[in-house]
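Following: one structure in structure tokens, then a few remarks.
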């Protein structure tokens, strides 16, 4: 068992670590692999393929799968987000999205915007030629503004709801953000550096400093990570504020501070 983020590895247990029952653990592929298993079990004659980055050997392999769909050598293509990225399927008439609302959870403040863009892009794969297309979206939150706007085909509805939510929260484009990641080779050093940065945090009107807190990817490539998020009004000179703040902090040892102004990733 290997975590691709933190590098932690351990042997597959022979029994359940909690109840110690032997022979009860079964390996099962997540997401698209599980879908492929169920599809082939229910429809043995279907010609299906997987389009996932772990299995593709470069752009040429992805292009070959797209060509196979165009030439009707494949009936079904199961894939991750890369299916929506730059591929043309002129004969495609049905698109299904499983767990479409997963992207709305987590710490990404632009989650609604990104989810809408992705689902709109995925849906655009269907019905590109003379055949009419259909898009099916699975969601546990049908009343969420993103899902409502997609179901109604009303982009303006989503834009209005998202703009109102961001204005109320002071998020871009109505405010500014800066993300700071403090990282170190061990947890104690990361916490020490984050504490020093916290004690020197600016106390100014129109500026809010959130954190420190463990980053969503708390350990990445062997480094322990703590996160700050700075919210400020459009009138605040964010670069000057951050320069002054960081100039009053001296990190030691393996500790590092990474700054991302108006971030697009919050991991």
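Numbering (this note's numbering), first residue to last: 49 to 315.
Note that CB positions come from ideal geometry on N, CA and C, so glycine has one too.
Residues near residue 249 in its chain [Cβ-Cβ closer than 6 Å; skip 5 each side]: 257
Beta-carbon spacing of residue 238, residue 231 below 9 Å: Yes, Cβ-Cβ distance for residue 238 and residue 231 is below 9 Å.
Residue closest to residue 251, alpha-carbon to alpha-carbon, out of 314, 184, 203 and 278: With distances taken between Cα atoms, residue 251 lies closest to 278.
Residue from 94, 307 and 167 with nearest C-alpha to residue 128: Ranking 94, 307 and 167 by CA distance to the CA of residue 128 puts 167 first.
Ordered list of alpha helix (DSSP H) runs contained in the stretch 256-313, each at least 4 residues: As far as the stretch 256-313 is concerned, its whole alpha helix (DSSP H) runs of at least 4 residues are 286-295.
For residue 229, the residue or residues it bridges with in DSSP: 275 and 306
Bridge partner(s) assigned by DSSP for residue 189: Answer is none; residue 189 lacks a bridge partner.
Boundaries (first-last residue) of the beta strand (DSSP E) holding residue 100: It is not in any beta strand (DSSP E) - residue 100 carries neither H nor E in the DSSP assignment.
Test item: CB-CB of residue 182 and residue 175 under 9 Å: yes
Segment limits, beta strand (DSSP E) that includes residue 124: 124-127
Minimum C-alpha distance to residue 141 - residue among 49, 115 and 178: Of the candidates 49, 115 and 178, the one whose C-alpha sits nearest the C-alpha of residue 141 is 178.
Residue 120 - DSSP class collapsed to helix/strand/coil: coil
Nearest neighbour of residue 190, chosen from 208, 222, 150 and 214 [CA to CA]: Of the listed residues, the one whose Cα sits closest to residue 190 is 150.
Cβ pair residue 161, residue 210 closer than 9 Å: Yes, they are a contact pair.
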